[in-house]
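Asks: First residue of the sequence shown? That's -5 in my numbering, and the numbers climb one at a time after it. Even glycine gets a Cβ: it sits at the ideal position worked out from N, Cα and C. Starting off with a structure, shown below.
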Amino acid sequence: MKALILFLTFVSFISCKEPNNKNTDTVEKITIESHEKEIENPVQENYAQQTVNDELAERIKTYLKEVYLKNDIDILEENDRKFQLYEIDLNDDGENEVFINFFTRYFCGTGGCAMLLLDTNLKPITKFSVMNPPLFVEKTKKNKWSIILIKDAGVYKELIYSEGKYPSNPSVLEKAPYDAPSGHAEILFSDDYSKAKTYTY
-5 MKALILFLTF VSFISCKEPN NKNTDTVEKI TIESHEKEIE NPVQENYAQQ
45 TVNDELAERI KTYLKEVYLK NDIDILEEND RKFQLYEIDL NDDGENEVFI
95 NFFTRYFCGT GGCAMLLLDT NLKPITKFSV MNPPLFVEKT KKNKWSIILI
145 KDAGVYKELI YSEGKYPSNP SVLEKAPYDA PSGHAEILFS DDYSKAKTYT
195 Y
């Protein structure tokens, strides 16, 4: 009788132990696979949605190389061939305009950096000369286009759309009639509020 009890206890011990080994193997396999996926797909930067459009970026690269920077492309160093984009509808027509932020040494001087505003078909609206992001796009409109604020020489300047474009050089404008953007302004090219993805060409 005692031998039978010992035999049954042994069988029970073996039958309980097997599934535990299988479960452990399964857990280890899942853990390893998850780790491999993390390595293959590293955590993406938390970019503003309006700055991430790889398809549009490819179109912009072609435009820059073949049109806008056609005469400069051969002398641009690799570190200078970078840009950021931001899509925003400035005139409520249902189509996004696109800001192109050039922030590398070739495009920047003591007063600021070059920037470009294109329509949805990548046709230039304004070629800005000395800009210091971030930009503040207000809900308020004049001439049916959003007012844009940018800080220049320590004060805010108001860019107002007129005759098909915005002023290209904020440094020649008078100080805006207020000291700060409104709380409703959309903030562009700010690492704190709208970090932009960088593209190379």
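On the criterion of 16 or more Cβ atoms from any shown chain inside 10 Å, does E39 qualify as buried, or is it exposed?
Replies: The residue in question, E39, is exposed, as its Cβ has fewer than 16 Cβ neighbours within 10 Å.
Asks: Nearest to F191 by alpha carbon, out of K135, T56, E72 and Y80?
Replies: The sequence shown places Lys at residue 191, not Phe. The shortest C-alpha separation from K191 is found at Y80.
Asks: If L110 and K121 are in contact, beta carbons under 8 Å, what's the gap, nearest whole angstrom?
Replies: Rounded, the Cβ-Cβ distance is 6 Å, consistent with contact.
Asks: Report the CB separation of F77 from P127 in whole angstroms; it is logged as a contact under 8 Å.
Replies: Actually they are not in contact, since the Cβ atoms of F77 and P127 sit about 12 Å apart, beyond 8 Å.
Asks: Does the Cβ-Cβ distance between E180 and I94 come in under 8 Å?
Replies: Not in contact: E180 and I94 (Cβ atoms no closer than 8 Å).
Asks: Using the three-state DSSP reduction, which class does N95 fall into: helix, strand or coil?
Replies: Three-state DSSP puts N95 in a strand.
Asks: Reducing DSSP to helix, strand and coil, say where I67 ends up.
Replies: DSSP places I67 in helix when its eight states are reduced to three.
Asks: In chain order, what residues of the same chain have a beta carbon less than 6 Å from the beta carbon of D146, not counting five sequence neighbours either side?
Replies: So the list reads P164 and S165, once near-sequence residues are dropped.
Asks: Please report how far the alpha carbon of I119 lies from the alpha carbon of P175, in whole angstroms.
Replies: If you take the alpha carbons of I119 and P175, they lie about 23 Å apart.
Asks: Can you name the start and end residues of the alpha helix (DSSP H) that A51 belongs to?
Replies: Note, A51: alpha helix (DSSP H), D48 to Y57.
Asks: Considering only DSSP beta bridges, list what L111 is partnered with.
Replies: Beta-bridge pairing links L111 to F93 and T120.
Asks: Just how far apart, CA to CA, sit F97 and A108?
Replies: F97 and A108: Cα-Cα distance of roughly 7 Å.
Asks: Measure the CB-CB distance between D185 and Y150 and report whether it falls below 8 Å.
Replies: It is not a contact, given that the beta carbons lie outside the stated cut-off.
Asks: Keeping to the same chain, check which residues put their C-beta closer than 7 Å to that of S156; ignore five residues upstream and five downstream.
Replies: Here the set comprises N137.
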